[in-house]
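In the numbering used here, the protein residues as written are 5 to 106.
Here's the structure we're looking at; comments come further down.
This is the structure in structure tokens:
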């Protein structure tokens, strides 16, 4: 049987497309491009959603059943974006119904 020999190279080979890709994926650049085309009202919504998701990860917000029908698979819905911790939990059906009314 042939014996496998592994050689460690002194230098790591860096692929140029990986470096380019990392710059494109960089969150800061992506959000800066996005925020240029967004109005003030949308920035408040984004900030509120970000805070609510962080509260959910930390455990200060707990998912509940749908506010209207009791379905267990729910999504967060902000009534007022000035209060990111004040959310109601709605199933997909009722959330779409509320958004179509607007």
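Using N, Cα and C, we set each Cβ at its ideal position, and we do this for glycine too.
Note that the coordinates shown come from a computational prediction; the quantities given were computed from them, not determined experimentally.
Touch check for the stretch 47 to 54 and the stretch 68 to 78: three-plus C-beta pairs under 8 angstroms?
Flag = no, the stretch 47 to 54 and the stretch 68 to 78 do not touch.
Based on the DSSP output, what are the partners of residue 82 in its beta bridges?
The partner list for residue 82 (beta bridge, DSSP) reads 91.
Taking only the alpha-carbon atoms, compute the straight-line gap between residue 66 and residue 55 and give it to the nearest angstrom.
Spanning the two alpha carbons is a distance of roughly 14 angstroms.
Roughly how many whole angstroms lie between the Cα atoms of residue 78 and residue 40?
If you take the alpha carbons of residue 78 and residue 40, they lie about 32 angstroms apart.
From the DSSP output, in three-state form, read off residue 64 for me.
Three-state DSSP puts residue 64 in coil, outside helix and strand.
Excluding the five sequence neighbours on either side, which residues of its own chain have a C-beta within less than 8 angstroms of the C-beta of residue 59, listed in chain order?
So the qualifying residues of the chain are 65, 88 and 89.
Helix, strand or coil for residue 75? Go by DSSP, reduced to three states.
Three-state result, residue 75: coil.
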